[in-house]
Amino acid sequence: MTGAEIFVKALADLGVDVVFGYPGGAVLNIYDALFKNTKVRHLLCRHEQGAVHMADGYARASGKTGVCLVTSGPGATNTVTGIATAYMDSIPVVVFTGQVPTLMIGNDAFQEADIVGITRPCTKHNYLVKETKDLARIMKEAFYIASTGRPGPVLVDMPKDVLAGSAEYALPKEVNLRGYRPTYEGHPRQVESAVRLVKEMERPVIYAGGGVILSGASPQLAELAHILGIPVTTTLMGMGAFPGTDPLYMGMLGMHGTYCANMAISHSDVIIAFGARFDDRVTGKVDEFAPHAKIVHVDIDPTSIQKNVPVDIPIVGDLKDVLKKMIRLVKGAKEAAQYREKIGPWRGQIETWATTHPLSYKRGKGKIKPQYVVEQIYALTKGQAIITTEVGQNQMFAAQYYKFDRPRTFLSSGGLGTMGYGFPAAIGAQVAMPDRLVIDVAGDGSIQMNIQELATAVQYRLPVKVVILNNGALGMVRQWQELFFQGKYSQTCLPQIPDFVRLAEAYGAAGFRATRTEEVTEVLSKGFSAKGPAVIDIPTDPDEMVYPMVPAGAPLTKMLLV
Amino acid sequence: MRHTISVMVENEFGVLSRVAGLFSGRGFNIESLSVAETLDPSVSRMTIVTSGNDQIIEQILKQLNKLISVIKVVDLTGVETVDRELVLVRVNAESETKAEVLRLVDIFRAKIVDVAPRCYTIEMTGDGGKVNALLQLLRPIGIKEIVRTGRVAIARGM
Numbered sequence: 026m027t028g029a030e031i032f033v034k035a036l037a038d039l040g041v042d043v044v045f046g047y048p049g050g051a052v053l054n055i056y057d058a059l060f061k062n063t064k065v066r067h068l069l070c071r072h073e074q075g076a077v078h079m080a081d082g083y084a085r086a087s088g089k090t091g092v093c094l095v096t097s098g099p100g101a102t103n104t105v106t107g108i109a110t111a112y113m114d115s116i117p118v119v120v121f122t123g124q125v126p127t128l129m130i131g132n133d134a135f136q137e138a139d140i141v142g143i144t145r146p147c148t149k150h151n152y153l154v155k156e157t158k159d160l161a162r163i164m165k166e167a168f169y170i171a172s173t174g175r176p177g178p179v180l181v182d183m184p185k186d187v188l189a190g191s192a193e194y195a196l197p198k199e200v201n202l203r204g205y206r207p208t209y210e211g212h213p214r215q216v217e218s219a220v221r222l223v224k225e226m227e228r229p230v231i232y233a234g235g236g237v238i239l240s241g242a243s244p245q246l247a248e249l250a251h252i253l254g255i256p257v258t259t260t261l262m263g264m265g266a267f268p269g270t271d272p273l274y275m276g277m278l279g280m281h282g283t284y285c286a287n288m289a290i291s292h293s294d295v296i297i298a299f300g301a302r303f304d305d306r307v308t309g310k311v312d313e314f315a316p317h318a319k320i321v322h323v324d325i326d327p328t329s330i331q332k333n334v335p336v337d338i339p340i341v342g343d344l345k346d347v348l349k350k351m352i353r354l355v356k357g358a359k360e361a362a363q364y365r366e367k368i369g370p371w372r373g374q375i376e377t378w379a380t381t382h383p384l385s386y387k388r389g390k391g392k393i394k395p396q397y398v399v400e401q402i403y404a405l406t407k408g409q410a411i412i413t414t415e416v417g418q419n420q421m422f423a424a425q426y427y428k429f430d431r432p433r434t435f436l437s438s439g440g441l442g443t444m445g446y447g448f449p450a451a452i453g454a455q456v457a458m459p460d461r462l463v464i465d466v467a468g469d470g471s472i473q474m475n476i477q478e479l480a481t482a483v484q485y486r487l488p489v490k491v492v493i494l495n496n497g498a499l500g501m502v503r504q505w506q507e508l509f510f511q512g513k514y515s516q517t518c519l520p521q522i523p524d525f526v527r528l529a530e531a532y533g534a535a536g537f538r539a540t541r542t543e544e545v546t547e548v549l550s551k552g553f554s555a556k557g558p559a560v561i562d563i564p565t566d567p568d569e570m571v572y573p574m575v576p577a578g579a580p581l582t583k584m585l586l587v
Numbered sequence: 353m354r355h356t357i358s359v360m361v362e363n364e365f366g367v368l369s370r371v372a373g374l375f376s377g378r379g380f381n382i383e384s385l386s387v388a389e390t391l392d393p394s395v396s397r398m399t400i401v402t403s404g405n406d407q408i409i410e411q412i413l414k415q416l417n418k419l420i421s422v423i424k425v426v427d428l429t430g431v432e433t434v435d436r437e438l439v440l441v442r443v444n445a446e447s448e449t450k451a452e453v454l455r456l457v458d459i460f461r462a463k464i465v466d467v468a469p470r471c472y473t474i475e476m477t478g479d480g481g482k483v484n485a486l487l488q489l490l491r492p493i494g495i496k497e498i499v500r501t502g503r504v505a506i507a508r509g510m
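Which chain is which? The protein sequence lines are S and W, in order.
Numbering follows the numbering used here, in which position 111 of the first sequence is assigned residue number 136; successive positions increment by one, without gaps.
Numbering follows the numbering used here, in which position 87 of the second sequence is assigned residue number 439; successive positions increment by one, without gaps.
Listed below in C-alpha cells is the structure:
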C-alpha cells in the first residue's frame with residue numbers, strides 16, 4: 026500500500042469517522058486516497074485554524090479524539106493557534122500535516138515550515154514520519170498519547186515521499202512507550218490521609234476543573250459532594266462538571282467568579298481540588314489565596330501539583346479512580362451524617378453570601394443587556410443546549426448566566442483565551458452531536474476572527490446558531506480600559522462592523538436581529554428554530570461590564586461588584 | 353541550590369531540542385549539559401547541571417518526566433557520585449615558563465596532548481573544583497584558549 030492508503034486505512038481502523046481538513050500540494054496523495062474511501066468523512070473547512078477548532082469542539086462535545094488534516098507550510102502554521110488552544114485546555118486532538126519531501130527538508134523548499142519545531146512547546150508530543158513503514162505505528166501512538174493520561178494535541182508531520190512510498194500495512198494492536206506511563210490509580214494511603222484531613226476540618230470547599238470532565242468523573246464528584254454535603258465551585262473549564270442547578274453549587278470562582286465562590290474559597294479551611302491547576306485567573310494574588318486552607322490536590326498530571334500553590338496532600342491519579350476510593354471511605358458511614366451536621370454553620374454562611382450577593386445587573390428598558398440575552402437563551406433551551414463561546418465578555422456572561430447541568434455542554438477556550446474559537450468549535454460539536462442544539466455565544470469582535478466557517482456550516486447543513494452580543498467594541502479589553510486606563514478606549518471601538526444579517530445571508534445562512542429588549546425572546550426563538558445555520562445579531566449595551574471582577578493581582582476577596 | 357540531573361532519553365533526533373526547549377520555555381536555567389549514547393544504543397543519557405529552589409527543581413524533574421521521549425530521570429544531588437569534567441587548555445610555553453607548566457601538569461595528573469613552538473595543549477579530567485584550580489594556576493602563565501565540557505556523573509557502586 027502507499028503511505029496515503031495506509032493513512033486512510035489506519036484512520037478507519039482507529040475508529041475515526043470524521044476528519045476536518047484543507048487540501049494542498051503536500052497532501053495530494055492523501056486526498057486522492059480519501060476520494061476512494063467510504064469510511065472516513067472529510068469536512069472541508071475554510072481556514073486551517075477553523076479546522077483545528079472544529080476537531081477540538083468535536084472532541085470536547087463527544088469525548089472522542091478530534092482529527093485534523095492540512096498541508097505543509099502555511100497550512101501547517103495556520104494550525105498553531107488551534108493546537109495551542111487544545112494544549113492549554115488538555116483536549117485530545119491529532120493534527121496531521123503534510124511536509125515537503127524528505128530530501129528537501131531544510132532547504133527552504135516551497136511551502137516548507139519546520140512545524141515539528143514550531144509546535145514542540147504546544148503539543149503533548151509530535152512526530153516527523155521518516156519512513157512509510159513507520160506511519161501506521163506512529164498514528165497508533167499519536168492517538169494513544171493524545172487521548173490517555175492528561176489528554177492533549179499530538180502533531181504528525183508526513184513528508185510527501187513518505188505518503189507516496191509503499192510499505193506493508195501493519196497497525197500495531199498495542200502501544201508500548203517506555204517513556205510514557207500515566208498513573209491512573211491514586212495512592213490509597215494518600216487518599217485516606219486526604220479523607221481524614223477533610224473530616225477534621227469545618228469549612229470544606231470542592232474546587233473542580235476541566236479534569237473532571239476529561240476523566241468522566243462527574244457522577245462520582247456529585248456523589249462525594251452529596252455524601253459529605255460539601256459545597257462545590259468550578260473553574261471556567263469545569264462548567265458542567267457539577268450540576269449548575271444543584272443546591273451545593275456556588276458558581277464559578279476567580280476573576281469573574283461569584284461573590285459566594287470567591288468568599289467561600291478564601292475563608293475555607295480545606296480545599297479539595299479535582300483536575301484544576303490553580304491558574305492565575307482563579308487564584309488572584311497567589312500569596313493571599315485561601316490563606317486558611319489546607320489543600321488536597323488530585324490530578325493525573327504531576328506537574329500541575331505544587332506548581333502554583335503549595336499543596337498539603339498531593340494525589341496523582343485518574344479522578345474517577347480517586348473519587349471512587351474516597352466515596353468508599355465515606356459512604357454509609359454514620360460519620361458522614363455527623364460531618365454534614367458539623368459543617369452546617371459553614372453552609373449557612375455560604376447561603377448568606379449567595380443570597381446577599383447574587384450575580385446581578387441593572388435591568389431596564391433602555392439598551393439590551395447582554396446578561397438578559399444569555400438568560401433568555403437559557404430559558405428557551407431549558408438548559409439543554411451545547412454552548413460554545415468566543416473570548417471576552419461574551420464568554421463570561423455565558424459562563425455566569427447559563428446553568429450547565431451536564432459535562433461536555435460548555436465549550437470555551439479557557440487557557441489560551443482564543444478569540445475565534447467558539448464558532449468553529451460549535452461546528453465541530455454539531456458534527457459530533459447532530460441532534461443537539463448547538464449555540465455559539467459570540468461578540469462582534471470575536472466572530473469576525475473565523476467568520477469564514479459560515480461557508481462550512483452551510484455546505485454541510487450543520488444547523489449551528491450564533492448569537493452575537495454586538496456591543497460595537499472589544500468589550501473585555503474596553504472594560505479594562507474603563508476601569509484601569511481612565512476610560513481611554515484605545516483601539517477597542519469597532520465602528521466598522523458588517524451587517525451580520527446580510528453577511529449570514531450572503532453565505533447562505535439565515536440572519537436575524539433583535540433591536541429592542543422586548544423582541545429578544547421571540548427573535549432568539551425564531552433563530553433557534555431555523556432549519557440550517559443561523560446568525561442572530563443583538564445590539565447590546567456597550568457600557569455593560571462583567572461583574573464581579575477581581576482586578577489582576579488583587580486577592581479574591583477584593584471584588585469589584587455591580 | 354545546584355543540582356545534577358541524569359536523564360535517560362530515547363536516542364532519536366529532536367530529543368535534545370525537546371529537553372532544551374523545556375528549559376528555555378519555562379525559564380529554567382541550564383549550567384551545563386552533556387549527552388551521549390549508553391550501553392543500550394537506543395538510549396542516551398543526558399547529564400544536566402541546573403540550579404533553583406526546591407519548588408523549581410521539583411518542577412524541572414516532573415516536567416522532564418512528562419516528556420514522552422524521556423525514559424527516566426534521576427536527581428543525583430544528595431547521592432554519592434563520581435563526577436568529572438574534561439578541559440583542554442592551550443597555554444603559553446615560552447622557555448622560561450615551560451618547566452612550570454610541566455610541573456603543574458604533573459601535579460594535576462594532566463597530560464600534554466599537543467606541542468607547538470610557543471604553546472602546549474593540556475588535557476585534564478577532574479571534578480569542577482580541580483579543573484578550576486588548574487586554570488587558576490595556569491592563568492598567570494598565560495592561557496590562550498579553554499574548551500571545557502559539561503559535568504558527567506555516575507552514582508557510586510554499592
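By construction, the Cβ of each residue, glycine as well, lies at the ideal position given by its N, Cα and C atoms.
Contact defined as beta carbons within less than 8 Å: I believe residue i pairs with residue j. What is the distance between those atoms, to the nearest angstrom?
i: Val7/S; j: Val118/S; result: Beyond the ends of chain S as shown, which are 26 and 587, falls residue 7/S; an answer cannot be given.
i: Ser438/S; j: Asp114/S; result: 7 Å
i: Ile55/S; j: Leu153/S; result: The pair is not a contact, with the Cβ atoms about 16 Å apart (cut-off 8 Å).
i: Asp465/S; j: Thr413/S; result: 5 Å
Compare the C-beta of residue i with all C-beta atoms of chain W and state if any pair is closer than 8 Å.
i: Thr157/S; result: no
i: Gln215/S; result: no
i: Val141/S; result: yes
i: Gln124/S; result: no
i: His212/S; result: no
i: Leu202/S; result: yes
i: Arg145/S; result: yes
i: Tyr284/S; result: no
i: Thr102/S; result: no
i: Ile170/S; result: yes
i: Lys165/S; result: no
Going by alpha carbons, who is nearest to residue i out of the options?
i: Val95/S; options: Arg365/S, Gln74/S, Ile143/S and Ile320/S; result: Gln74/S
i: Ala51/S; options: Gly100/S, Ile338/S and Pro207/S; result: Gly100/S
i: Ile506/W; options: Leu374/W, Ser386/W and Ser369/W; result: Ser386/W
i: Gln477/S; options: Gly342/S, Thr270/S and Phe448/S; result: Phe448/S
i: Leu69/S; options: Gly500/S, Leu354/S, Gln484/S and Ala498/S; result: Gln484/S
i: Ala410/S; options: Val416/S, Ile402/S and Gly417/S; result: Ile402/S
i: Arg162/S; options: Ile297/S, Ala195/S, Gly391/S and Ser554/S; result: Ala195/S
i: Ala424/S; options: Val587/S, Lys513/S, Arg228/S and Ala266/S; result: Ala266/S
i: Pro459/S; options: Leu487/S, Asp469/S, Gly442/S and Thr413/S; result: Leu487/S
i: Arg455/W; options: Leu490/W, Glu432/W, Ile423/W and Lys482/W; result: Leu490/W
i: Asn201/S; options: Ala167/S, Ser87/S and Ile452/S; result: Ala167/S
i: Gln455/S; options: Gly28/S, Gly91/S, Leu53/S and Leu39/S; result: Gly91/S
i: Arg175/S; options: Glu366/S, Val323/S and Ala559/S; result: Val323/S
Let me see if you follow: with CB-CB separation under 8 Å, is residue i close to chain S or not?
i: Arg397/W; result: no
i: Gly373/W; result: yes
i: Ile420/W; result: yes
i: Arg503/W; result: no
i: Gln488/W; result: no
i: Ser369/W; result: yes
i: Lys496/W; result: no
i: Gly379/W; result: no
i: Ile423/W; result: yes
Looking at the strands, I want to know which residues DSSP matches up with residue i.
i: Gly536/S; result: Val560/S
i: Gly598/S; result: Outside the shown range of chain S, which is 26 to 587, sits residue 598/S, and nothing can be said about it.
i: Tyr472/W; result: Val443/W and Val467/W
i: Glu452/W; result: Partner(s): none; Glu452/W has no beta bridge.
i: Arg372/S; result: None, per the DSSP bridge assignment.
i: Met360/W; result: Arg397/W and Lys424/W
Could you check whether the Cβ of residue i sits closer than 7 Å to any heavy atom belonging to the ligand SAM?
i: Lys34/S; result: Only the bare structure without any ligand can be found here, which leaves the ligand SAM out of the picture.
- Message: For a minimum of 3 consecutive residues, which ranges assigned as the beta strand (DSSP E) are wholly contained in the region 428 to 483 of chain S?
- Response: 463 to 468
- Segments assigned beta strand (DSSP E), at least 3 residues, entirely inside the region 101 to 131 of chain S: Taking only runs of at least 3 residues, the beta strand (DSSP E) segments lying wholly in the region 101 to 131 of chain S are 118 to 124.
- Please specify which runs of the beta strand (DSSP E), each continuous and at least 3 residues long, are wholly inside the region 305 to 338 of chain S, giving them in chain order. Whole beta strand (DSSP E) segments, 3+ residues: 319 to 324.
- Which runs of the alpha helix (DSSP H) spanning at least 4 residues fall entirely within the region 236 to 262 of chain S, listed in chain order? Complete alpha helix (DSSP H) runs here, min 4: 243 to 253.
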